[in-house]
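Report on the structure given below.
In the UniProt record's numbering, the protein residues as written are 1 to 328.
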């Protein structure tokens, strides 16, 4: 009998061990880096937790190229000066004026925005004077108290995202299942990746840096690796390659780790996000719940890999032992 099956079994086992090693290496390398990035995610300073938020309503008079926005969840203002004149902001910190040169940007905490802890009674209007060259300009705004969310529905959606991802993934890694389940799992990988991109873009809009590549990379940190690994994991999943499980497992656990602290947004009224707050909560539901689901699916995929077994030697081909001749 040929011994070719034994050789094939050893090759298959070596390939599986290599793929598992690659997945483990990705997890070991990315997880500690992700923990560091999670502490600084969303900017260089931790936003102050408040229940109200100032809004910029207008610049009087309007100056083309001059933009003032609220950042860090209402804690500070950022001025982007794309005019040809320096912009002076008097009395920003300890009575000292701040001068922003043409093409520059500055962020500061301004007490003139009002008390964030005060109840929403009376007038919440505020004004900050500027000078664009010799032209006096006033930034006018008000303060709003958005209602706090009910956390239970958001946590319920997160659990549903986890269970739904694990259910779809379980069908995809089941032996003998058609490719439709793998297509659905690949779609889930792309959705989780896209949700994290939305979360990072929104976070980059409310940091000290003006909108751009620098702010985007600063908000993403090591999480930017998921933007590359996610599409690659989806492509390998469609092909039924086991390395796809290592990649989407790494994507899942990294996105879940990076958005763990963001689940506090289910309890807070004001978020450090440059868009609708519910959009950030939806992105957190998908990245945290779906990410954990992908990690569990990857573990399931590896556990269902059959180890290569060496076939028992065929004793029928063994050379018979020659009987010794009887003594004379």
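Where a beta carbon is used, it is the ideal one built from N, C-alpha and C, also for glycine.
- Its chain contains 293 as the residues whose beta carbon lies nearer than 8 Å to that of residue 163, once the 5 sequence neighbours on both sides are disregarded; these appear in chain order.
- For residue 53 against residue 206, the beta-carbon gap comes to about 11 Å, at or over 8 Å, which does not count as contact.
- Of the candidates 225, 222, 204, the residue whose Cα lies closest to the Cα of residue 215 is 204.
- In this structure, residue 165 lies away from residue 74, with their beta-carbon atoms at least 9 Å apart.
- Around the beta carbon of residue 218, 16 or more other beta carbons lie within 10 angstroms, which makes this residue buried.
- Straight across, the Cα-Cα distance linking residue 196 with residue 255 is about 7 Å.
- Exclusion of the five residues before and after residue 224 leaves no residue of its chain whose Cβ lies closer than 6 Å to its Cβ.
- Distances from the CA of residue 62 to each of 105, 125, 103, 131 were compared; the closest alpha carbon is that of 131.
- For residue 72, the number of other beta carbons within 10 angstroms of its own is at least 16, and it is reported as buried.
- In this structure the region 181-189 touches the region 220-240; the number of beta carbon pairs closer than 8 Å is three or more.
- In this structure, the alpha-carbon of residue 200 lies about 21 Å from that of residue 79.
- Of 268, 51, 59, 209, the smallest CA-CA separation from residue 137 is found for 59.
- Cβ contact annotation for residue 100 (same chain, cutoff 6 Å, sequence separation greater than five): 79, 81, 87, 106, in chain order.
- Rounded to whole angstroms, the gap between the alpha carbons of residue 167 and residue 245 is 15 Å.
- The beta carbon of residue 170 lies closer than 8 Å to those of 297, 300 in the same chain, with the five residues before and after it left out.
- Close CB contacts of residue 259 within its chain, under the 6 Å cut and outside five residues either way in sequence, are with 284, 287, 288 (chain order).
- In terms of Cα proximity to residue 193, the closest of 275, 231, 157, 174 is 231.
- Scanning the region 254-314 for uninterrupted beta strand (DSSP E) segments of 3 residues or longer gives nothing; none is fully contained.
- Note that the C-beta distance between residue 228 and residue 248 is not below 9 Å.
- If you draw a straight line from the Cα of residue 268 to the Cα of residue 257, it comes to about 20 Å.
- If you compare the alpha carbons of 181, 133, 265, 97 with that of residue 110, the shortest gap goes to 97.
- In this structure, 265 is the residue among 83, 273, 265 with its C-alpha nearest to the C-alpha of residue 148.
- Between the beta-carbon of residue 114 and that of residue 124 there is about 6 Å, and that keeps the pair under the 8 Å contact cut.
- Annotation for residue 202: 273, 274, 275, 279, 280, 283 place their beta carbon closer than 8 Å to its own, counting only its chain and skipping 5 residues before and after.
- Taking the C-beta atoms as reference points, residue 251 is found no nearer than 9 Å to residue 139.
- Within the DSSP bridge table, the entry for residue 53 names 144 as partners.
- If you draw a 10 Å sphere on the C-beta of residue 220, you find 16 or more other C-beta atoms in it, and that means buried.
- Under the criterion of beta carbons closer than 8 Å, residue 142 and residue 55 qualify as touching, at roughly 6 Å.
- Among the bridge pairs identified by DSSP, residue 58 is matched with 140.
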